[in-house]
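Working notes, beginning with the structure itself.
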Amino acid sequence: MEDFEVAEKQFLYENTYITSPEGYGEGQKFQGGYVTKEVKNIITERMQGVSYDPARASQLGKELSDKIKETVKSMGYPRYKLVVQVTVGEKAGQCMRLASRCLWDTASDCCASAYCENESLFCVAMVYGLYYE
Amino acid sequence: MDDLQTSEEAAFVAEDVNNIIKESIDSVLLNATYNHNKVGQWTSMVVEQSMKRLTALNKPFKYVVTCVIMQKNGAGLHTASSCFWDNATDGSRTVRWENKTMYCIATVFGLAI
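So the sequence lines, in the order shown, correspond to chains A and B.
The numbering of the first sequence is the working numbering, which starts it at 1 and goes up by one.
The numbering of the second sequence is the working numbering, which starts it at 1001 and goes up by one.
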C-alpha cells in the first residue's frame, strides 16, 4: 500500500490596498461617542451599592477592565487594537489628577472615557482604540 | 520584499521604557511637595516629557501614556488594565513613584503599527 501525504493548501493573500478604516465600509471607524455611553453604563451598573473594600477593590478593577474590553470587542471594530485602563480609588478627601497623551493617527484612532462615583469610591475608565494598519 | 526591521527593533523593550518614565517623573517631581494648583501642570509635564523621549527612540510604535498623581492621605488606589493586542510585538510598562506627600503612577502602552 502506498503512503502518500497530501500537501497543505497554501493560501496567498493579495493586497487589499485599503489604508484607512473607512475603506472597509461605513461605521468601521472607532466611534468614541457610542463607546463612552456603553462604558458609562457598565461602570455605573457595576458600582451600584458597592463600598470601598481594600481586599476587593483590585478585583473590581480587573473585572471592570475585562468586561469593558469584551463589550467594546463585541461592538464590531475588527481592525482595532484596544487598551482599557480602569482606576478605582477610595474617597478620603484627597485630590487626584489623571492625565494621558497619545501618539497616534488622528484620522483613525480615538479614545473614550467615563467616570462614576458613589459615597465611598470613585472609578475612572479609559478606552483607547488604535487602528492596526 | 526585504524585511525593513529586525524583530529586535520592532519589539517593545520594557527596560528602556522603564528608564524613560522614571527619568521623566524624577525631572518633574523630585523634591516637590503636593500643591493643588500645580498638579495639573505636573501631570501634563510628566506625560509630555515621556512622550518626547519615547518618540526619540524612533520605533514604529503608537504610544499611550497615562499618569495619575494623588495626594497622600491614607486612601487606597487601584489601577487595572486590559488590552487586546498582539503579544509578540506590543507591551506596556507601569512605574510607581512616591515621595512624602504624593504618589505618581505612570503607564506606557506601546502598540506596533
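Note that CB positions come from ideal geometry on N, CA and C, so glycine has one too.
Counting C-beta pairs closer than 8 Å gives fewer than three between the stretch 43-56 of chain A and the stretch 1051-1058 of chain B, which falls short of the contact rule. Looking at the DSSP output, R1093 (chain B) bridges to B:V1108. Approximately 20 Å separates the beta-carbon atoms of A99 (chain A) and C1083 (chain B); this is outside 8 Å, ruling out the contact. One finds V83 in chain A with Cβ atoms closer than 7 Å to the Cβ of F1109 (chain B), taken in chain order.
CA-CA distance, V1047 (chain B) to K9 (chain A), rounds to 49 Å. Residue-level contact by beta carbon holds for N1073 (chain B) and chain A, with a gap shorter than 8 Å. Around the beta carbon of Q28 (chain A), a 10 Å sphere encloses 16 or more other beta carbons of the protein chains shown; the residue is thus reported as buried. DSSP places Y34 (chain A) in the uninterrupted alpha helix (DSSP H) bounded by 32-46. For the pair T1089 (chain B) and A1112 (chain B), the CB atoms are nearer than the 8 Å cut-off. Within 8 Å of the CB of G61 (chain A), the CB atoms of chain B belong to H1078, T1079, A1080, in sequence order along the chain. In this structure, T1079 (chain B) places its C-beta atom within 8 Å of the C-beta atom of T87 (chain A).
Taking the CA atoms as reference points, K40 (chain A) sits about 14 Å from Q85 (chain A). With fewer than 16 other beta carbons inside 10 angstroms of its own, S51 (chain A) counts as exposed.
Between E90 (chain A) and L103 (chain A), the alpha-carbon positions lie close to 31 Å from each other.
Here DSSP, grouped into helix, strand and coil, assigns Q28 (chain A) to coil.
The beta carbon of A55 (chain A) does not come within 8 Å of any beta carbon belonging to chain B, so the residue lies off that interface.
Annotation: the stretch 1063-1088 of chain B contains the following complete segments of the beta strand (DSSP E) (minimum length 3 residues), in chain order: 1077-1084.
Taking the beta carbon of K1062 (chain B) as reference, the chain A residues within 8 Å of it are C102, L103, W104, D105, D109, L130, listed in sequence order.
Per DSSP, reduced to three states, the secondary structure at V1039 (chain B) is helical.
The alpha-carbon of L1030 (chain B) is positioned some 18 Å away from that of R1053 (chain B). Counting every other CB atom within 10 Å of its CB across the protein chains shown gives G93 (chain A) a total below 16, marking it as exposed.
In this structure, the beta-carbon distance from D105 (chain A) to G129 (chain A) does not fall below 8 Å. Following the DSSP letters along the chain, one finds S113 (chain A) inside the beta strand (DSSP E) bounded by residues 110-117.
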